[in-house]
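Asks: Residue numbers (the working numbering), protein chains in the order written: chain A, 10 to 148; chain B, 10 to 148; chain C, 10 to 148; chain D, 10 to 148.
4 protein chains.
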Amino acid sequence: MFTSETKIRVRYAETDQMNVVYYGNYAQYFEVARAEAIRELGLTYKEMEEMGIIMPVVEMHTKYLRSARYDDLITIKTELRELPADHRIEFHHEVYNEEDKLITIGRVVLYFLDAKTFARSKMPEMLYLKLSPFFQTNA
Amino acid sequence: MFTSETKIRVRYAETDQMNVVYYGNYAQYFEVARAEAIRELGLTYKEMEEMGIIMPVVEMHTKYLRSARYDDLITIKTELRELPADHRIEFHHEVYNEEDKLITIGRVVLYFLDAKTFARSKMPEMLYLKLSPFFQTNA
Amino acid sequence: MFTSETKIRVRYAETDQMNVVYYGNYAQYFEVARAEAIRELGLTYKEMEEMGIIMPVVEMHTKYLRSARYDDLITIKTELRELPADHRIEFHHEVYNEEDKLITIGRVVLYFLDAKTFARSKMPEMLYLKLSPFFQTNA
Amino acid sequence: MFTSETKIRVRYAETDQMNVVYYGNYAQYFEVARAEAIRELGLTYKEMEEMGIIMPVVEMHTKYLRSARYDDLITIKTELRELPADHRIEFHHEVYNEEDKLITIGRVVLYFLDAKTFARSKMPEMLYLKLSPFFQTNA
């Protein structure tokens, strides 16, 4: 399993008149968490796009347990529970507030696609090499 | 079953550099669709908040099948498949593009809460009276 | 002078915890107003991009006089006070609430650029032909 | 003069199909830069709201010179050029990309208002005490 952790400070723009983070803004937090998880592996999503691979989101599932509030420094824990074997990759996210309470759970599925043809593709070899050590059963 | 239909024109702001609507922005489209569905029943969500009932989202599930693009006039079909019996209400959304292709499927669960105590509440009586005729089995 | 009017319903997502529309969201309202103004002339901004002309914003000035609130149906009055003679075009916007009170004033300057070379360009001929009748002094 | 510097990583959500940061999103960057400038003074904007002072934006002026792009780590330099003497405060922002090129210039004017009455107010005493040393001519 590969895990990663990212912190984000909640912006005023992200709140709504219920005085909490608008439910739609967690998609951005998950995006940042994914990007930082990939960056920790020594690659960036930006570089992947430059290499001709795009990663559109095909599924997102979110459960909202508690609220995040303006200026909260939230922590997003991200997990890859399986090493992608084909064009599909799945990220699990848990968002915690400063009191370490779980506030949101997210699951986001993305595909690796060829940026030109939109054909299903595989994970870039370099990313595979970086990730596979985290999934070796006898390591 | 209660159904409703809403059209939204995609804004430039809502696209990203993949030339499609950013995946996180569908939450806003679902919000607009919910609000218009309630408005059709003769009430507004704004009035509900003024009556002391808030409706936070507790779950959202989205499947992205095709892309929406800048300036597309998308149609969001919204269904209430069950008459809420307690604090929980569930909206089903399907988003169609101008060629009538299904592009996104959404399911959003919200709670009725008392705006002051945050205690679970029931649907406002007025909304119940408007909705129940759509769910009468022998009507 | 060319004038145009557009209505937008304020989304919950666009409010912040001050219970009003977040100041940064007016840029989107101006964008919609510009797009609708151009559409009224028989062209769309989308078509302009397909013709190879992009219109990046180079300046925006906004004065916030009153607040817009959730579910308000605001009216944006848009004016072109001068017929663009070169690569520069300037839109003047006034945003009104449902009581017809002026809530925001905006001025947005954009350039016509070649989408490939980013060289300064002129207004598409077709747009010029549509616009010029509005600026004939003896008409 | 009081100056402050803040770094922000551009999110995918903040780009548009022109492959650059959408012009409306700089308002959020300025917001973050203001909040961080105030935090450096030993107070937070959140605490100010809890003390009963809100700071709505009354004016924003932006010039866009170059583009920011996805994943850029931009630097926002913020200046208070004058010590506020009444209800008005003015922030000057310059946004730089990683090559230290100036990409955007912003000027944002805000008012100090009483959160309950919306009457014009003064800067909180504590903030004044923190700020005034930066503006002493003979210091």
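Using N, Cα and C, we set each Cβ at its ideal position, and we do this for glycine too.
Let me make sure I understand the geometry here. Which of C:VAL29, C:ASP81, C:VAL66 has the alpha-carbon closest to that of VAL29 (chain D)?
Replies: Closest option to VAL29 (chain D), Cα to Cα, is C:VAL66.
Asks: Where does ARG90 (chain B) land, buried or exposed, given buried means 16+ other C-beta within 10 angstroms?
Replies: Classification for ARG90 (chain B): exposed.
Asks: Along the stretch 12 to 29 of chain A, where does the CB come closer than 7 Å to a CB of chain C? Name the residues.
Replies: Correct list: TYR21, ALA22, THR24, ASP25, GLN26, ASN28.
Asks: Under the rule that 16 or more other beta-carbon atoms within 10 Å means buried, what is ALA128 (chain A), buried or exposed?
Replies: Exposed, because fewer than 16 other Cβ atoms sit within 10 Å of the Cβ of ALA128 (chain A).
Asks: Bridge partners of GLU99 (chain C), per DSSP?
Replies: According to DSSP, which records beta bridges pairwise, GLU99 (chain C) is partnered with C:VAL118.
Asks: Mapping the DSSP letters down to three states, classify GLU134 (chain C) as helix, strand or coil.
Replies: Helix.
Asks: Report buried or exposed for GLU108 (chain A), applying the criterion of at least 16 other Cβ atoms within 10 angstroms of its Cβ.
Replies: Under this definition GLU108 (chain A) is an exposed residue.
Asks: Is it true that the CB of LYS86 (chain B) sits closer than 8 Å to the CB of GLU149 (chain B)?
Replies: Examination of residue 149 (chain B) is not possible in this model, given that chain B is present from 10 through 148 alone.
Asks: What does TYR31 (chain C) reach in chain A if we use C-beta pairs closer than 8 Å?
Replies: Simply TYR21, ALA22.
Asks: Hey, is TYR79 (chain D)'s beta-carbon within less than 8 Å of any beta-carbon in chain B?
Replies: Interface residue, yes.
Asks: Measure the C-alpha to C-alpha separation of ARG116 (chain A) and THR71 (chain B) and round it to an integer number of angstroms.
Replies: Going from the Cα of ARG116 (chain A) to the Cα of THR71 (chain B) covers about 10 Å.
Asks: Nearest chain C C-beta to PRO65 (chain D) closer than 8 Å, yes or no?
Replies: Yes, contact with chain C.
Asks: Going by C-alpha distance, which of D:GLN145, D:PRO133, D:PHE100, D:ILE114 is nearest ALA46 (chain D)?
Replies: Closest option to ALA46 (chain D), Cα to Cα, is D:PHE100.
Asks: Name the one or two DSSP bridge partners that LYS16 (chain C) has.
Replies: BP columns for LYS16 (chain C) point to C:THR84.
Asks: Going by beta-carbon coordinates alone, are LEU52 (chain C) and MET132 (chain C) separated by less than 8 Å?
Replies: Cβ atoms of LEU52 (chain C) and MET132 (chain C): not closer than 8 Å.
Asks: Considering Cα atoms alone, identify which of D:MET27, D:THR15, D:THR84, D:VAL118 is closest to ARG97 (chain D).
Replies: Checking every option, the nearest Cα to that of ARG97 (chain D) belongs to D:VAL118.
Asks: Taking DSSP as the reference, what is the three-state secondary structure of GLU68 (chain B)?
Replies: It is a strand residue.
Asks: Can you look up GLU31 (chain B) in the DSSP assignment and give me helix, strand or coil?
Replies: Residue 31 (chain B) is actually Tyr in this sequence, not Glu. The answer is coil: DSSP assigns TYR31 (chain B) none of H, G, I, E or B.
Asks: Please identify the residue among A:GLU40, A:GLY33, A:GLU49 whose C-alpha is closest to the C-alpha of PHE39 (chain B).
Replies: The option with the nearest alpha carbon to PHE39 (chain B) is A:GLY33.
Asks: Taking CB distances under 8 Å as the criterion, tell me whether THR71 (chain B) reaches chain A.
Replies: So, interface residue.
Asks: Can you list, in chain order, the residues of the stretch 40 to 54 of chain D whose Cβ is nearer than 8 Å to any Cβ on chain A?
Replies: Cβ contacts with chain A come from GLU40, VAL41, ALA44, THR53, TYR54.
Asks: Let me confirm a value: LEU138 (chain A) is counted as buried when at least 16 other C-beta atoms fall within 10 Å, else exposed. Which label applies?
Replies: When all chains shown are included, LEU138 (chain A) counts as exposed.
Asks: Can you tell me whether DSSP reads TYR38 (chain B) as helix, strand or coil?
Replies: DSSP places TYR38 (chain B) in helix when its eight states are reduced to three.
Asks: Is the distance from the Cβ of ARG18 (chain C) to the Cβ of ASP95 (chain C) below 8 Å?
Replies: Going by C-beta atoms, ARG18 (chain C) is not nearer than 8 Å to ASP95 (chain C).
Asks: With a cut-off of 8 Å, does the C-beta of ALA128 (chain C) fall near any C-beta of chain D?
Replies: Closer than 8 Å: no.
Asks: Rounding to the nearest angstrom, what Cα-Cα distance links MET57 (chain B) and LYS110 (chain B) in this structure?
Replies: Each residue's alpha carbon lies about 34 Å from the other.
Asks: Alpha carbon to alpha carbon, what distance is there between LYS16 (chain C) and LEU82 (chain C)?
Replies: Near 6 Å, if we compare the C-alpha coordinates of LYS16 (chain C) and LEU82 (chain C).
Asks: What's the C-alpha gap between SER76 (chain C) and MET10 (chain A)?
Replies: For SER76 (chain C) and MET10 (chain A), the distance between alpha carbons rounds to 49 Å.
Asks: In terms of residue numbering, what span does the alpha helix (DSSP H) encompassing ASP57 (chain C) cover?
Replies: Contrary to the premise, residue 57 (chain C) reads as Met rather than Asp in this sequence. Start and end: 54 to 59.
Asks: For a contact defined as C-beta to C-beta under 9 Å, what are the partners of GLN37 (chain B) on chain C?
Replies: Result: ARG20, TYR21, ALA22, GLU23.
Asks: Give the DSSP-derived three-state secondary structure of ALA148 (chain A) in the structure shown.
Replies: Here the model assigns ALA148 (chain A) a pLDDT of 47, short of 50, so the residue's position is not dependable, and the following value carries that caveat. Correct three-state label for ALA148 (chain A): coil.
Asks: Can you pull the chain G neighbours of GLU68 (chain A), defined as C-beta to C-beta under 9 Å?
Replies: Checking the listed chains, one finds no chain G in this structure; the protein chains it contains are A, B, C and D.
Asks: Compute the Euclidean distance between the alpha carbons of TYR31 (chain A) and PRO142 (chain C), then round it to the nearest angstrom.
Replies: Roughly 46 Å between the two C-alpha positions.
Asks: In chain order, what residues of the same chain lie with their CB nearer than 6 Å to the CB of THR113 (chain C), ignoring the 5 residues before and after it?
Replies: TYR35, TYR73, VAL104, listed in sequence order.
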